[in-house]
Amino acid sequence: MKKLFKKLSILLLFTLILTSCGKKDEGNQAANDKNNVETESVHNKDELVLGFGSEPDKGWDPIHGSGHYGTSIFQSALLKRDLDLNIVPDLAKSYELSEDKKTIKVELKDDLKFSDGSDLTASDVAFTYNLAKKEGTPGVNLTRLVDAVATDDKHVEIHLNEPDISFTSSMCSLAIVPEKSYGPDYGKNPIGSGPFKLVEWKVGQQLIVEPNEYYIGEKVPFKKITFLFFKDQDQALATAKAGDCDVIRIPITAKHTDFPGFHTESIKTVDNRGISLPTVPSTGKVTDDKSIMPGSPIGNNVTSDINIRRALDIAMDRKEMIETILDGEGTPAYSIADGLPWFNDKTVEENDGDIEKAKKILEDAGWVEGSDGIREKDGVKAKFDLYYAYQDREDIAVYFCDQAKKIGIEINPIFGDWDFVTPHMYSDAVLFGWGGYDPLEMFYSYSSLYRGVEYYNSNFYSNKKVDEYFEKGLSSDTVEELNENFKLAQWDGETGLSAKGDCPWVWLVNENHVYLVRDGLDIGRQKIQPHGGGWPMLDTISNWKWTK
Numbered sequence: 017m018k019k020l021f022k023k024l025s026i027l028l029l030f031t032l033i034l035t036s037c038g039k040k041d042e043g044n045q046a047a048n049d050k051n052n053v054e055t056e057s058v059h060n061k062d063e064l065v066l067g068f069g070s071e072p073d074k075g076w077d078p079i080h081g082s083g084h085y086g087t088s089i090f091q092s093a094l095l096k097r098d099l100d101l102n103i104v105p106d107l108a109k110s111y112e113l114s115e116d117k118k119t120i121k122v123e124l125k126d127d128l129k130f131s132d133g134s135d136l137t138a139s140d141v142a143f144t145y146n147l148a149k150k151e152g153t154p155g156v157n158l159t160r161l162v163d164a165v166a167t168d169d170k171h172v173e174i175h176l177n178e179p180d181i182s183f184t185s186s187m188c189s190l191a192i193v194p195e196k197s198y199g200p201d202y203g204k205n206p207i208g209s210g211p212f213k214l215v216e217w218k219v220g221q222q223l224i225v226e227p228n229e230y231y232i233g234e235k236v237p238f239k240k241i242t243f244l245f246f247k248d249q250d251q252a253l254a255t256a257k258a259g260d261c262d263v264i265r266i267p268i269t270a271k272h273t274d275f276p277g278f279h280t281e282s283i284k285t286v287d288n289r290g291i292s293l294p295t296v297p298s299t300g301k302v303t304d305d306k307s308i309m310p311g312s313p314i315g316n317n318v319t320s321d322i323n324i325r326r327a328l329d330i331a332m333d334r335k336e337m338i339e340t341i342l343d344g345e346g347t348p349a350y351s352i353a354d355g356l357p358w359f360n361d362k363t364v365e366e367n368d369g370d371i372e373k374a375k376k377i378l379e380d381a382g383w384v385e386g387s388d389g390i391r392e393k394d395g396v397k398a399k400f401d402l403y404y405a406y407q408d409r410e411d412i413a414v415y416f417c418d419q420a421k422k423i424g425i426e427i428n429p430i431f432g433d434w435d436f437v438t439p440h441m442y443s444d445a446v447l448f449g450w451g452g453y454d455p456l457e458m459f460y461s462y463s464s465l466y467r468g469v470e471y472y473n474s475n476f477y478s479n480k481k482v483d484e485y486f487e488k489g490l491s492s493d494t495v496e497e498l499n500e501n502f503k504l505a506q507w508d509g510e511t512g513l514s515a516k517g518d519c520p521w522v523w524l525v526n527e528n529h530v531y532l533v534r535d536g537l538d539i540g541r542q543k544i545q546p547h548g549g550g551w552p553m554l555d556t557i558s559n560w561k562w563t564k
């Protein structure tokens, strides 16, 4: 695929299974007495084994996308997000904006070192940022970066081509690599300033790490951690059923399976599912060369009517979806960023699932129900297609279509891979999954500057007032000001990108991430997890502990 699909592939790389495994009990106790089963493993509690379904394609190299959600095993970044997703210092001691807001001046903390004992200086920071810009590091927005310059060992200046306070999110995502030892094989033998250092990596099998003694953050209470790589979900579940695992991410459908000695932990997420609806009519226009699929048709004569979009949004009973499709493991979604610092909670629709209200919206707008139950206006039938690219999203797609039928809109669900779906996303509805820690995800998805660019704003949404709020937010002096302006972009009382405004998307649910955790292991409080999940659990591993 094209550029952004590669980014999405890397992002999806981390959607598989997070596990931690211990040694199986080799005692002689009978295991068949279900009323008194001994399931607690006899193992060294100074060690854990964690497993992912797959390793990064190019190894543990942040220049090539590893750790782009701000969670890195071997490296650390200038800034990071705390449990409440506020931006706080990591390697940086402080930062400030220049008067024209185009330069971010960063001062590093004292005595920073890489895991090999070498000094980490401003030169390494500048090297990392300039290399990432050159290489087009996936998952990190560096479009406004001009260059980074070390002014001495502890100070670096990051130059932008225009003001952009959201660049602080990139400063959370891009981890620093050592200038002197970085090379083509860095991903196979990473040296960094993060919580762990490499002991052994057998590709496709396991990764063994131990704490980095030079790490400046909270110390990890385990002397050795092994990451196992499962070939598929079935293998991971079989491992859990054997009682060999301490923690494992499981599909929602497996949460009622009997796993003696384990309990489930549901972690809230911004791993959302939403339907993109074309906002412009079909006039024969096609996408240009800046799109992923040049020559694809643009626009839809049904979904371009805001009343169709609003009626669909109100007709969706999100609580019902959560109970019937997600088995209770989710939260209603009203935006691309529910629960994040820039989310406007005034956009929440308290009375969704209101079929009669949805019908009235359509009737008042002139969409008349025909003898076949499908509405029509000016000779246009309320019919269109809905594309989705993952089989596990089928139930959501079918539910959306079923609810639409109740209000006189006929939607045909069509499944295919992204190569098949992509040419249709400018002219038909598409079921997407988003959700990250960067406010630019909202900006790209709704800004008129990104209509038809890659996978962002594929529905060609445009609102001048929304664009103004975005630009005001990006040129703010503080992250707090950015958040407030992005909230106004969603809804300012009169207009906005949310369902209360132009409703270019119908957001449906945020899917919880469900984990099996061995009884006696406390994994503490967790962040809201992004699309995919898994890796962010490591951000709190310094607080994990055995209680028995």
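So in my numbering, spot 251 of the sequence shown is number 267, and the numbers just go up one at a time. Ideal Cβ placement from N, Cα and C applies to all residues, glycine included.
Per DSSP, the beta bridge partners of Trp521 are Ser292.
Uninterrupted alpha helix (DSSP H) stretches at least 4 residues long and entirely within the stretch 342-409 occur at 371-380, given in chain order.
Comparing alpha-carbon positions, the option among Val495, Ile120, Val533 lying closest to Ile266 turns out to be Val533.
In terms of Cα proximity to Ile371, the closest of Asp354, Val396, Met332, Pro357 is Met332. Pairing Leu524 with Ile425 gives a Cβ-Cβ distance that is not under 8 Å. Taking C-beta atoms under 8 Å as the contact rule, Asn475 and Pro357 fail to qualify, at a distance of about 25 Å.
Residues Val263, Arg265, Glu281 of the same chain have their beta carbon placed closer than 6 Å to that of Tyr531, with the five preceding and five following residues left out of the count.
Looking at the DSSP output, Phe278 bridges to Arg534.
Scanning its chain for C-beta atoms nearer than 8 Å, with the 5 sequence neighbours on each side dropped, one finds around Arg334 the residues Pro348, Ala349, Asp368, Gly369, Leu524, Val525, in chain order.
Distance from the CA of Gly290 to the CA of Leu465, rounded to the nearest whole angstrom, comes to 21 Å. Restricting attention to Thr269, Ser307, Lys129, Glu470, the CA atom closest to the CA of Asp408 is found in Thr269.
DSSP assignment within the stretch 202-263 yields the following whole alpha helix (DSSP H) runs of 4 residues or more, N-terminal first: 249-257. Residue environment for Glu336: exposed (fewer than 16 other C-beta atoms within 10 angstroms of its C-beta). In this structure, the alpha-carbon of Asp433 lies about 5 Å from that of Ala405.
As far as DSSP is concerned, Leu513 takes part in no beta bridge.
Pairing Tyr111 with Lys121 gives a Cβ-Cβ distance under 8 Å. Beta bridge pairing from DSSP links Thr303 with no other residue. According to the DSSP assignment, Gly449 belongs to the beta strand (DSSP E) that extends over 445-450. The beta carbon of Ile557 sits closer than 7 Å to those of Val236, all from its chain and outside the five residues before and after it, given in chain order.
Its chain contains Tyr460, Ser461, Tyr466 as the residues whose beta carbon lies nearer than 6 Å to that of Tyr472, once the 5 sequence neighbours on both sides are disregarded; these appear in chain order. By the Cβ rule, the stretch 288-304 counts as touching the stretch 516-523, because three or more pairs are nearer than 8 Å. Ala108 places its beta carbon 8 Å or farther from that of Asp329. If you check the CB distance, Leu128 and Ser209 come in under 8 Å. Contact check for Ala166 and Ser139: beta-carbon distance about 5 Å, within the 8 Å limit, so the pair qualifies.
Three or more pairs of CB atoms, one per stretch, sit closer than 8 Å, so the stretch 82-97 contacts the stretch 187-202. Each of Asp388, Gly389, Lys393 was checked against the Cα of Asp380, and the nearest Cα belongs to Lys393.
Of the residues assessed, Lys375 falls on the buried side of the cut-off, its CB having 16 or more other CB atoms within 10 angstroms. From the listed residues Phe359, Tyr485, Ile324, Asn501, the smallest Cα separation to Gln419 is found for Ile324.
Under the 10 Å beta carbon count, Phe359 is surrounded by 16 or more other beta carbons and is classified as buried. Rounded to the nearest angstrom, the gap between the Cα atoms of Ala254 and Asp274 is 12 Å.
With a cut-off of 8 Å on Cβ pairs, the stretch 336-346 is not in contact with the stretch 429-444, counting fewer than three such pairs.
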